[in-house]
Structures are given as C-alpha cells and as structure tokens.
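No gaps in the numbering here: position 50 of the sequence shown is 61 in full-length UniProt numbering, and each next residue is one more. Ideal Cβ placement from N, Cα and C applies to all residues, glycine included. In this text, all values refer to a predicted model and were calculated from it rather than measured experimentally.
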Amino acid sequence: EAGRKLFAGPSDFFWGGASLGGLPPIERIEIAFAGRSNVGKSSLVNALTGRKTLARTSHTPGRTQELNFFNINNAFNLVDMPGYGYAAAGKEKVATWTKLIHDYLRGRASLVRVLVLIDSRHGFKPIDLEVLDGLDKAAVSYQIVLTKIDELKKGELEKCVESVQQALSKRPAAYPEVMMTSSRKGLGIAELRASIAKLVSE
Ligand code: GTP
Ligand code: MG
C-alpha cells in the first residue's frame, strides 16, 4: 500500500548529464539503478512508475548514456545510469561512463542504496562482481534485483536466486534480500515498490 501510494504520485525526469561536474543539487535521498548494459534498468524505471516512456529503453545495449534523475513524488530521486561493460560503445565512451558511474556511486552523500540489476538468465558476471567489490569497499549499501524472470522456468529461477544469495553472504554492504522482477510481465514490481517505500520512510 505504501509502495503503491509512493509511485502513484507524480514522477518526472528532471535532470540528465554525462559529467560529474554538473550534478543536480542534493534535494532528497537517491536510489540508483546500476547494472550491465541491456539488463533492463530503464525498463524497470518505467515499470515502477507505470509510465511506459519515462525512461528511454532499447533492445540494443548502450541506450542510456547519461545519469538520468527522476523525481518520484518529491520523496526521492531514482537515478538511472548507463550500463557498464558494453565494449562495443568504444573505449573512450566506456571509460567516461565507468568513471561517471564510479564517482557518482562513491561520492554522492544523498545516495541511500544502489539497486544492482542482474539478468536472471545470466547471474553474476565478473564485471558485476567488480562493481560489488567497489561498493563493499566504499561501504555503499546495495541490493540485488533480478530482471527478466519471465524468461526463466521456476526451477531455473530458484537456482539463480540460490547462487546469488550464496555469493552475497560474505559481502558486507549487501542487503540480503534478493528481489525478482519482470518489467515485461509486471512480476515483483509491487514488491519492489514496497521495498523502496520502506527504505524511503526510514
Ligand atoms: P542500457 O541503458 O543500454 O544500459 O540498458 P538498460 O539496462 O536500461 O535496458 P533496457 O531497459 O533498455 O532494456 C533492454 C532490453 O531488455 C529491451 O529490449 C527490453 O525490452 C528488454 N527487457 C527489459 N525488461 C525485460 C523483462 O522484464 N523481460 C524481458 N523478457 N525483457 C526485458
Ligand atoms: Mg537504460
């Protein structure tokens, strides 16, 4: 109920940029979406807010190229980031994005949690673990959100959740609960809204 209410209010894109020099001033707490290119970050922004085209999505990786800030009901900012690990974007772009993501994740005082999205078909890749290492080191709280669970059979999903939980058990900054979502089918969206609402009210 709290989750439904939070996301039923106005949600607006209000700032986008590709350099850390010009981040928007801190006005409210922030929750950021991180994850490999094409994992479904922008689609999840749309699913949560119920707005099909609030964030731009694409079937080709490398769609989101800036930090995009969405004001959700004046309660918090949802920050959609470029995906990491997309080599075909070109070395220079990847280096710029990597630095941007890194600096934002480690240096933003208003950031209360990073939702690290993992494609449930693939589980953790080495680059995901590198990102988690960085978050653990910087003591930035994060939580894993599995995406695209509509593509998996029940048994496959259970296996994925188990191996992800196992890999998280020794990570100091990891929130232990793993969320399971499908933006396409609307699965786990209400649960994720509720979890975010709880975090926002803390
Ligand atoms: P970048 O901005 O490039 O980093 O990608 P992203 O992580 O923002 O991914 P995006 O939301 O643009 O989605 C990438 C692709 O995954 C699109 O083709 C989506 O339609 C697809 N996709 C997103 N969510 C789901 C889902 O729940 N299920 C399935 N089957 N496909 C999905
Ligand atoms: Mg995107």
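**Pocket of the ligand GTP (residues with CB nearer than 6 Å to any heavy atom), chain order** = GLY46, SER48, ASN49, VAL50, GLY51, LYS52, SER53, SER54, THR68, SER69, HIS70, PRO72, GLY73, ARG74, THR75, PRO93, GLY94, THR158, LYS159, ASP161, GLU162, SER193, SER194 and ARG195
**Message:** Give me, in chain order, the residues of the same chain whose beta-carbon lies closer than 6 Å to that of PRO183; leave out the 5 immediate sequence neighbours on both sides.
**Reply:** ASP147
**Message:** Within 10 Å of its beta-carbon, does PHE25 have 16 or more other beta-carbons around it, so buried, or fewer, so exposed?
**Reply:** Classification of PHE25: exposed, given that the 10 Å Cβ count is below 16.
**Message:** For a test of your reading of the model: does the CB of ASP91 fall under 7 Å from any non-hydrogen atom of the ligand MG? Yes or no.
**Reply:** yes
**Message:** Assuming contact is defined by CB atoms lying nearer than 8 Å, are VAL127 and ALA45 in contact in what I supplied?
**Reply:** Contact flag set, yes.
**Item:** Close-in-space but distant-in-sequence residues of the same chain around ASN57 (CB under 6 Å, 5 per side omitted)
**Value:** Around ASN57, the same chain offers LYS63, LEU65 and ALA66 as residues with beta carbons nearer than 6 Å, after the five sequence neighbours per side are excluded.
**Request:** Could you tell me if ASP114 is buried or exposed, where buried requires 16 or more neighbouring beta carbons within 10 angstroms of its beta carbon?
**Result:** exposed
**Request:** Pick out the complete alpha helix (DSSP H) segments inside the segment 160 to 199, 4 residues or longer, and give them in chain order.
**Result:** Taking only runs of at least 4 residues, the alpha helix (DSSP H) segments lying wholly in the segment 160 to 199 are 165 to 179.
**Asked** By the 10 Å Cβ neighbour count, where 16 or more other Cβ atoms means buried, how is GLY51 classified, buried or exposed?
**Response** buried
**Message:** Please give the ranges of any alpha helix (DSSP H) in the segment 78 to 157, keeping only runs that are unbroken, at least 4 residues long and fully inside the region.
**Reply:** 102 to 118 and 137 to 149
**Prompt:** Is the segment 14 to 31 touching the segment 192 to 208, taking contact as three or more C-beta pairs under 8 Å?
**Reply:** yes
**Message:** If you reduce the DSSP assignment to three classes, tell me which class GLY46 lands in.
**Reply:** strand
**Message:** Among the candidates LEU122, SER180 and THR158, whose CA atom is the shortest distance from the CA of residue 217?
**Reply:** Since the first residue of the chain shown is 12 and the last is 213, residue 217 is not available in this structure.
**Message:** With H, G and I counted as helix, E and B as strand and the rest as coil, what does DSSP make of GLY27?
**Reply:** strand
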